[in-house]
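Number of protein chains: 2
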Amino acid sequence: MTGKVDTRQAILDRAAELLQERGFNAFSYKDISTHLGIKNAAVHYHFPTKSDLGAALMRRYRERFDAWVAELEVRHANDPVKRLDGYLSVPLSYLRNGRKVCPIGVVEAEFDTIPEAMRDETRAFDARSRAWLAEVLEEGRASGIFRFDGSAADKALLITAALQGALQVARAGGVRLFFVALRQIKRDLGVAASVPTG
Amino acid sequence: MTGKVDTRQAILDRAAELLQERGFNAFSYKDISTHLGIKNAAVHYHFPTKSDLGAALMRRYRERFDAWVAELEVRHANDPVKRLDGYLSVPLSYLRNGRKVCPIGVVEAEFDTIPEAMRDETRAFDARSRAWLAEVLEEGRASGIFRFDGSAADKALLITAALQGALQVARAGGVRLFFVALRQIKRDLGVAASVPTG
DNA sequence: GTCTATAACGTGATAGAC
DNA sequence: GTCTATCACGTTATAGAC
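As given, the protein sequences belong to chains A and B, one line each in that order.
Every number in our numbering is 1 more than the matching position in the first sequence, counting from 1.
Every number in our numbering is 1 more than the matching position in the second sequence, counting from 1.
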């Protein structure tokens, strides 16, 4: 009802963009405040330290992922291909929205330099995301839709690592490389590429 | 003959460690100079700007890779499995030597914040590395040793992206995850894991 | 909840002596 | 080739007015 948007959320929105575009160490409170038309100190009011900001940011990623999963389960509860495509559409949206990379990947690349609270939230998000994909893969294999050797957990790890890496590689080598990786992932699962490939 | 080691090389050695441990933006000239027991200004003598340092660093990675390939070709010219294992031993050494990540991955994560000269060298290194792996995969498939669908270039891209991502994931989730990814990569190629798996 | 003002610090970089 | 000394700047963070 108020024309005013929630500043706290707006800060996190901008921080998320900056994280995935530049990394945690390469953006500042001023980058955020300028973008919102406020001052440096106002951001500190909402997040006293950068550690607070970073941890809240990763926590929100995880919460949103959980909400996204819950919604997807309702719509495509019994369709492994649709669930997989839903999962793959996340990094795809990162790529299309300014060649952003996976937040987990950036944070892990800077892991030894970021606040401990942020690392904890990252671990939680990472494990959650991988576990859900493993579930999808297992069901798809049981249905005879996916084909792969080894455990679903192992295969899920490989796929998430590849997606994370492919988003990064696309920065240096061009977006086409991400689509190639995506296609190969599906090929290796024995399914045709149904997500746009370029 | 002189007891003195080449300072320029020592700087690059330390910079390489710091890059793979902390990222390009999170280390300083002082981190390097202190480690070598010299002063900040001495480092600037060898590399006037950080851009110079970063570009020289990535160039050296590529040159060393080329030399490494040349040596490996002599020893294992006709053994795709040994050549693949050689390739996989590189990220493995990163992992074991202090949970370092792939230099290409870190740089790509920070891509929009690093000097253009450094980006150019990164692109060159990345393309070189992937092209060589594709060659190995193609020969291995022709010999009936590897099994995979799609082009060797596509498969090479997927594998390099996965290795890059897996090194990062191992930071948050533990080194075991890298070995799991490694095993799955080989499984998907239809070969048994011959590199230590944990 | 946002502002002004400022503190305290680390950074990349340079000048000039040795 | 390395040193001392210093500069200009950006950063996180805080105090206190409004």
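C-beta: ideal position from N, C-alpha, C; glycine also.
For clarity, every value in this text was computed on a predicted model and none was experimentally measured.
- Within the model, the alpha-carbon separation for T50(B) versus E22(B) is close to 21 Å.
- In the three-state reduction of the DSSP assignment, N79(A) falls in the coil class, being assigned neither a helical nor a strand state.
- Taking 8 Å as the cut-off, the beta carbon of A11(B) is found no closer than this to the beta carbon of A162(A).
- When 8 Å is used as the limit between beta carbons, D150(B) is near these residues of chain A: R188, D189, in chain order.
- N98(A) has a beta carbon lying at 8 Å or more from every beta carbon in chain B.
- By the Cβ test, the segment 57–65 of chain A is in contact with the segment 118–125 of chain A, since at least three Cβ pairs between them sit closer than 8 Å.
- Inter-segment contact for the segment 131–138 of chain B and the segment 131–140 of chain A is absent: fewer than three beta-carbon pairs are separated by less than 8 Å.
- Bounds of the alpha helix (DSSP H) holding I105(A) are 104–110.
- Separation of L19(B) and F147(B) (C-alpha to C-alpha, rounded to the nearest whole angstrom) is 36 Å.
- Listed by position along chain A, the residues whose Cβ is nearer than 7 Å to that of L178(B) are L158.
- Buried is the label assigned to E111(A), since at least 16 other Cβ atoms lie within 10 Å of its Cβ.
- When rounded, the separation of the alpha-carbon atoms in F179(B) and A171(B) is 6 Å.
- For R177(B), the closest C-alpha among the options R100(B), L190(B), A153(B) is that of R100(B).
- Rounded to whole angstroms, the separation of the alpha carbons of H36(A) and S29(A) is 11 Å.
- Minimum Cα-Cα distance from A143(A) among the listed residues H47(A), P81(A), V6(A) corresponds to P81(A).
- If you look at V137(B), you'll find it in the alpha helix (DSSP H) that goes 117–143.
- Taking CB atoms only, D32(B) has no neighbour in chain A less than 8 Å away.
- Non-local beta-carbon contacts of L54(A) in its own chain, meaning distances under 7 Å to residues more than five positions away in sequence, involve A16, F48 in chain order.
- With contacts defined by Cβ atoms closer than 8 Å, Q185(A) and L158(B) form a contacting pair.
- Taking 7 Å as the upper bound on Cβ-Cβ separation, chain B lies near residues E22, R23, G24, N26, A27 of the segment 14–29 of chain A.
- If you look at V181(B), you'll find it in the alpha helix (DSSP H) that goes 177–190.
- Annotation: D127(B) to L73(B) spans about 19 Å, alpha carbon to alpha carbon.
- Counting C-beta atoms within 10 angstroms of its own C-beta, A173(A) has 16 or more neighbours from the protein chains shown and is therefore classed as buried.
- Contact check for R76(B) and R129(B): beta-carbon distance about 19 Å, past the 8 Å limit, so the pair fails to qualify.
- Pairing R188(B) with G151(A) gives a Cβ-Cβ distance under 8 Å.
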